[in-house]
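Chains as they are written, first to last, in my numbering: chain E, 17 to 196; chain C, 17 to 196; chain W, 17 to 196; chain P, 17 to 196.
Right, one structure below, let's go through it.
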DNA sequence: GAGTAATCGAGACGGTACGTCGTGTCTTGAT
DNA sequence: ATCAAGACACGACGTACCGTCTCGATTACTC
């Protein structure tokens, strides 16, 4: 089951999250923005965090396509660049960043849904690479993705630095070829 | 200038942050815990976020020593393992995670103080490695650290997965040697 | 017309009224207690007050028999004592008191149904007394009953005082004989 | 101690009580009407009932002077007539009636404060009468007042009947002289 | 050691939002 | 075609903190 105006509620949720951050996101605000009564929101989601979790899961805002460029390196660069765009340009940036902050101390937001589950989709990139012989079968795709995605987050969000034009390529090169 | 009970205030701040997360951290709670009046806190810090920022800067909770094992690989593994411990064991874990969540949408917390500035200290590891000939001079230490630290955050915090015994070593190997 | 479970609805209404007072009496509670849907109650009675009014009219909880002791004094003492019991012992006490509170600011409850209309039944006491010559024909029965019943209410409910063993007799004596 | 705007708060409370009855009296409404924040009201009174109780105690709306006409009969008639006015003319009427309804099922409103405590003031009427020899010393003033006041309430409020021009005099006569 | 700032405790206050309960209306799906 | 089930908008509840604001009462530094 779902509330009649779920669409509007989720839209309002993400909009307010992006606009005012997790703290500024209030159930009351969502209710007003989405033209729904506060009670209705509480009927369906037990807390602000749960509401946000549902909105994020449903949102396609954070999706990006899995590329198929013909080479592992190309695929990974494309993936990482897409993630870079996501993390630096509004409204994705604000939502992603706020969602992280929220997920980090609200287990019910279950960060896995936004970060970990993506791996399932990214995995095909690695399978293709193994089939092409670009990668030993023993390689751990999750490790590779954690290194790359982690670097993007660290650079763009924690350090608050702009992602240079070639950052994605350099990161991918480091992981594929090693730095030493 | 500083309030007379700054120590107690900061201690209470970090304690409450670790105990109840960023949301559960309230100025009122800090005041009560530290035996100070709410007014006093507002006299010195304009907001909860600013208070937390000050407390974190002062705290040594997040510090770890820069290792010197004789090899780059050893140093990096030690660094990453230390970060792993920090991110997975209380109270550091809770503080670090909460601090991230807070910093992420409160510019005044200036994430650089907790994440970026560490690089200055880590840099010596790379300088020693270059001197030893383990690393080409052209290597970008920040990229390496972003990859490694990012992977730890992603794995431990975003994915909420335990860090296996050898995760640090594997991550360092991937970055130093490449995966392909 | 009447809803199929009218009995249960009225029973639940009076039960909840006695248990939790007028404020604590809710349509929702009545619905649940009587195993009926809220909608059903609203279909038949426009408001909580109207429902209560209907329940009270139907209830025999507040009835008492008109005594016939052979003397006016005896009849009146018996009447007043019965009223005293009604006003001081549960569940009648709670229902009567709550009904008063409700009636007082809900015209639709029509207090006359519970208080005034009784006069019709009490009147025979006075008719018998006139016939016996105990009372001049000009005496106003309503005045007498208002004095006596009013004293009981004032003492038991407004003042919240226990009704002494002889209170009924004293009140009747005062009205019949005068105090001066 | 007392809130800074106690006057306004009490005035608003009684005004709203008279206007909308006990049910329609809301803390939120009082707050708005009196230009005070809801929190402030809850800071000082734990509930609507307690607020109303305080407002009623402070209110002079329900006061009337104790007459001194020279005779017991005259004093009582004056007293009862004043009560009659109180119970039939706004705003006293609405307040008194609503207060009764409220007091009846809210012990903290302590009906004694509005009904019983008045006896202390009325007692002088009886003392003077005893001194004048109009009344045996053994007469119970409370019984007399309960009979008279009770009759007024019953007639005016419970029965909802108008109080005739001579009702007070008749009631006093009945009690002083007896009806038989 | 007194005088004068700075600092503090106490706590009332206007606010915003919380999460809950009950109201009375309206829609819908099963019978 | 009726009616239970229950979603809904609404208003109020009582609570928690927010950040601001007087007030006096302590400090503690300076002369």
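The beta-carbon is built from N, C-alpha and C at its ideal position, and this holds for glycine as well.
Computed from a prediction, not measured in an experiment: that's the story for all the values here.
Do residue 108 (chain W) and residue 102 (chain W) have their C-beta atoms within less than 8 Å of each other? yes
Under 8 Å between C-beta atoms, does residue 182 (chain P) make it to chain W? no
Residue 151 (chain C) versus residue 191 (chain E): straight-line alpha-carbon distance, rounded: 15 Å
Spatially closest choice to residue 32 (chain W) from W:182, W:20 and W:106, by CA coordinates: W:106
Along chain P, which residues have their Cβ under 8 Å away from the Cβ of residue 151 (chain W)? 195 and 196
Throw me the rounded Cβ distance for the residue 30 (chain W) and residue 163 (chain P) pair, which I believe falls under 8 Å. Not a contact, Cβ separation roughly 30 Å.
For the segment 162-174 of chain C, which residues have a CB atom closer than 8 Å to at least one CB atom of chain E, in sequence order? 162, 163, 164, 165, 166, 167, 168, 169, 170, 171, 173 and 174
At a CB-CB cut-off below 7 Å, which residues of chain W make contact with residue 71 (chain P)? Within chain W, no residue comes near residue 71 (chain P); the closest Cβ sits about 17 Å away, beyond 7 Å.
Mind checking whether residue 209 (chain E) and residue 93 (chain E) have CB atoms under 8 Å apart? What the structure shows of chain E is the stretch from 17 to 196, and residue 209 (chain E) is not part of that stretch, so it cannot be assessed.
In the segment 102-119 of chain P, which residues sit with their C-beta less than 8 Å from some C-beta in chain W, listed in chain order? 113, 114, 116, 117, 118 and 119
Let me know the secondary structure DSSP gives residue 60 (chain W) once reduced to three states. helix
Three-way DSSP call (helix, strand, coil) for residue 50 (chain P) in this model: helix
Selection of the segment 33-46 of chain E by Cβ proximity to chain C, strictly under 8 Å: 37, 38 and 39
Out of C:80, C:189, C:54 and C:26, point me to the one whose CA is closest to residue 70 (chain C)'s CA. C:26
Am I right that residue 38 (chain E) and residue 118 (chain E) are in contact with their C-beta atoms under 8 Å? What's the rounded C-beta distance? 4 Å
Quick one: list the residues of chain W neighbouring residue 155 (chain P), beta-carbon separation under 7 Å, in chain order. 195
Buried or exposed, going by whether 16 or more other CB atoms sit within 10 Å of the CB of residue 50 (chain E)? buried
List the endpoints of the continuous alpha helix (DSSP H) containing residue 23 (chain P). 22-40
Check for me: the alpha helix (DSSP H) holding residue 101 (chain W) runs from which residue to which? 88-104
Tell me the DSSP secondary structure of residue 191 (chain W) in three-state form. helix
Could you tell me whether the Cβ of residue 143 (chain P) comes closer than 8 Å to any Cβ of chain W? no
At the 8 Å Cβ level, is residue 27 (chain P) part of the contact set with chain W, yes or no? no
In chain P, which residues lie with their C-beta within 9 Å of the C-beta of residue 188 (chain W)? Here the premise fails: no neighbours, minimum Cβ distance about 10 Å.
Kindly say whether residue 159 (chain C), judged by its beta-carbon, lies nearer than 8 Å to any beta-carbon of chain E. yes
To which residues of the same chain is residue 138 (chain E) closer than 8 Å at the C-beta, ignoring the five residues directly before and after it? 82, 95, 157 and 161
By the criterion of Cβ-Cβ separation under 7 Å, what are the contact partners of residue 68 (chain W) in chain P? Within chain P, no residue comes near residue 68 (chain W); the closest Cβ sits about 13 Å away, beyond 7 Å.
Using a Cβ-Cβ cut-off of 8 Å, state whether residue 99 (chain E) counts as contacting chain C. no
If you compare alpha carbons, which of P:40, P:186, P:178 and P:140 is closest to residue 86 (chain P)? P:140
Residue 189 (chain W) versus residue 18 (chain W) - alpha carbon distance: 46 Å
Quick check: the Cα distance between residue 135 (chain W) and residue 84 (chain W), rounded to an integer number of angstroms? 16 Å
Using a Cβ-Cβ distance under 8 Å, would residue 92 (chain E) count as near chain C? no
Whole angstroms are fine: how far does the CA of residue 41 (chain C) sit from the CA of residue 56 (chain P)? 25 Å
Show which residues of chain E have a CB atom less than 8 Å away from the CB atom of residue 191 (chain C). 163, 190, 191, 194 and 195
Quick check on the burial criterion: 16 or more other C-beta atoms within 10 angstroms. Buried or exposed for residue 110 (chain E)? buried
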